[in-house]
Structure formats: C-alpha cells, structure tokens
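Inspection log for the structure reproduced underneath, given as structure tokens.
Numbering (our numbering), first residue to last: 1199 to 1544.
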C-alpha cells in the first residue's frame, strides 16, 4: 500500500485554517488509496497517539516551548529533539512520501533530504517564502522592530534552511495564485495551486436564520495584522450597528456597541449570529478561509485587497481597495447590508 506521512508542528489542536486544510487533503489522499499517518510536535495537545476524523497519528509535543515569545528560537531549541524523534520513524518514512507545512518545515526537510525521503511542501503564508514584514501600528510597530532585532539570528537560520527546503522539494503546493506568483518571483520555482477546501459537514446552513443575524463580525482578536483597529474605527462610525469581535478572550464582555467573545470550537456559533463578516487584513493573507465559509453560508464578507483575499472573495463589490480609508469600509458595509444579494457557494 502507498504510504503518506504528514510531519508538522501543529495538527490535532487545530490552531488555524492550515490544519483544517491539511486534514481535508489527507482525507483526499486516503480516498486515493494512501495509508496516512501523522507525526506532529503540537505543544497545545496531549502527547501520545490520537485519531482525528479517522486519521491516525502521534503527537510528541516540544521539549522546550517558548512559542509565546519567539517561534523561531523555539524551532532552534527543539531542532535536535525533532530530528531524533524522526530518526525513530526513519524506516517507515523511507517507504512514504512526506507532507509538511508551517514553520517547522526547514527542520523536517533537513531530515528528509539527508535520508532521501521525497516530500511535498504545502505553502500556507508569506513566512513560508521568507517574507518578513512589520504590519503592526503605533507602539506595537516599534516593539515589533525590537523583537525582530532580537530574533534576527533565529530568523536568519530559518530563512537559509527554508530556501534549501523549497529548492529540494519533490513538489510544492501553493494555496493561492498570489503565493504561487510570489514563489516564482522570489525563487524561480514552480508550484501547483490548490485552494483550501472547507468541510461542508461542519457548516450547517439550516442554522442560519435571518432573525438571529444581528452582528457585523470580525475573527482575529486584537491583531493589527488582521485589522483589529480598523474594525474599532468602523464601529465608532456605525454606532447603530452591533459588532462582534472574536479573539483570545477568557469570557465575553461588551464595550459600547461591540461584543468581545472567546474563540469558539464550533465556528457555527459565530456565523449563525453574523449578518456580515469583516476581513480588513493588513498583511498579505495567502487566501482567506473565513471568506469561503461565510460565502457558503450566504453571509457577505467584505475584505481588503491584500494577498490572496481577492481570489477568495467572489464578489468584487465587497473588496476594499484603500485599506485605511474607513469611509470606504462604511460605504461597502452599508451597500452589503442593503443588498438582497446573498452569495451561496457550493
């Protein structure tokens, strides 16, 4: 039987869309007759064996976890641990095609290259292409500069190893044309575009009732990269509207016309009360999974024009070209709320 192994940092804790997307990919490979196994180093999930939607794996966690402060120094401090762990699986991996994604890829592929193991590199964001930009605003922008200086040795290590990983990949998968073109421009490498798929079984259209949809929602917490401050400015302009901000909060609380709530395990808890989704990202989002989910449920999503977001947002009238222009956001929001057109993607 053909074998395929996902080797990655995060997986069972599902911290983001990349993990959801790769799970879909694994299930598709399984349908093609591959035996699938996962090896991961997820510090947010118990160590040991696990089964997620029928996909078996083993989580080894990290020996040293400083990812709250520096993901890049965390990688360096865990390099030997990751390599020695993979050594235990060497014979099995030699009979497999490896799949990898996220920031641990340069270490994982170091092992693969040394042992002549073919690997597929799934590109998920700018960092996978050595793009390091400061999208913060105000004081946080200054603090980000200082942090980058402190992290520079670890970032330089990552960048040099990551280029080796890219150039030695058996295959590279980009999650948007934007990422594909950036890869070609920076490294003159080709890739296949596979847009992220959404799990329709987790999105129940029957739960969407217009009478319950009262909020203009933003998922991203207090993150300038994702445009948190832009949402706050919009809320001040639209005082008669109710806003919902989903982020790393311990419990719900309200300030003026904004309700702040913790991240939800079931994303339908957010969508079923949302009449509009805002994605005012400053950073070049590789794609925009939330836009696909919202469109599938018939909820308009208004996005910035950064990165691959225009590829995800099928309604070009809902793309804001001047990101920092709050009046343009307000105009698009009012247009969407007064429109009878509801997109539903199949």
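Built from N, CA and C at the ideal position, the CB exists for glycine as well.
Residue burial classification, residue i (beta-carbon count within 10 angstroms, cutoff 16)
i	result
residue 1236	buried
residue 1240	buried
residue 1255	buried
residue 1270	buried
residue 1557	Residue 1557 falls outside the range modelled here, since the chain spans only 1199 to 1544, and no answer is possible.
residue 1323	buried
residue 1537	exposed
residue 1252	exposed
residue 1285	exposed
residue 1217	buried
residue 1451	exposed
residue 1507	buried
residue 1374	buried
residue 1444	buried
residue 1439	buried
residue 1246	exposed
residue 1294	buried
residue 1491	buried
residue 1505	buried
residue 1535	exposed
residue 1306	buried
residue 1244	exposed
residue 1208	buried
residue 1219	buried
residue 1215	buried
residue 1347	exposed
residue 1341	exposed
Sheet register partners of residue i (DSSP bridge)
i	result
residue 1621	The question about residue 1621 has no answer here: the residues shown for the chain are numbered 1199 through 1544.
residue 1390	1371
residue 1298	1319
residue 1247	1256
residue 1445	1460
residue 1548	The requested residue 1548 is not part of the displayed model; the chain covers only 1199 to 1544.
residue 1453	1456
residue 1206	1238
residue 1303	The partner list for residue 1303 (beta bridge, DSSP) is empty, contrary to what the question assumes.
residue 1500	1476
residue 1549	In the structure as shown, the chain begins at 1199 and stops at 1544. Residue 1549 is therefore absent and cannot be evaluated.
residue 1517	1501
Own chain partners of residue i with C-beta closer than 7 Å, once the 5 adjacent residues on each side are dropped
i	result
residue 1311	1366
residue 1268	1349 and 1352
residue 1227	1202 and 1234
residue 1530	1500, 1516 and 1518
residue 1411	1471, 1472 and 1473
residue 1509	1374, 1375, 1376 and 1485
residue 1435	1524 and 1528
residue 1420	1426 and 1445
residue 1526	1518 and 1520
residue 1405	1466 and 1470
residue 1248	1210, 1255 and 1257
residue 1431	1524
residue 1402	1466
CB of residue i within 7 Å of CB of residue j, strictly
i	j	result
residue 1391	residue 1422	no
residue 1363	residue 1446	no
residue 1429	residue 1474	no
residue 1519	residue 1503	yes
residue 1413	residue 1471	yes
residue 1301	residue 1276	no
residue 1297	residue 1204	yes
residue 1210	residue 1257	yes
residue 1272	residue 1238	no
residue 1495	residue 1516	no
residue 1333	residue 1368	no
residue 1357	residue 1328	yes
residue 1291	residue 1274	no
residue 1200	residue 1231	yes
residue 1389	residue 1370	yes
residue 1281	residue 1309	yes
Cβ neighbours of residue i in the same chain (closer than 8 Å, five flanking residues each side left out)
i	result
residue 1229	none
residue 1522	1428
residue 1264	1271, 1272 and 1275
Check: residue i C-beta below 6 Å from any heavy atom of the ligand GDP
i	result
residue 1273	In the structure on display, the ligand GDP does not appear, and there are no ligands present to speak of.
Close-in-space but distant-in-sequence residues of the same chain around residue i (CB under 6 Å, 5 per side omitted)
i	result
residue 1395	1222
residue 1533	none
residue 1279	1261
residue 1408	none
So, does the segment 1449-1460 touch the segment 1476-1487, judging by three or more C-beta pairs under 8 Å? Because the criterion of three Cβ pairs below 8 Å is not met, the segment 1449-1460 and the segment 1476-1487 do not touch.
| message | Any contact between the segment 1314-1328 and the segment 1375-1394? By contact I mean 3 or more CB pairs, one from each, below 8 Å. | response | The answer is yes - the segment 1375-1394 touches the segment 1314-1328, with three or more Cβ pairs under 8 Å.
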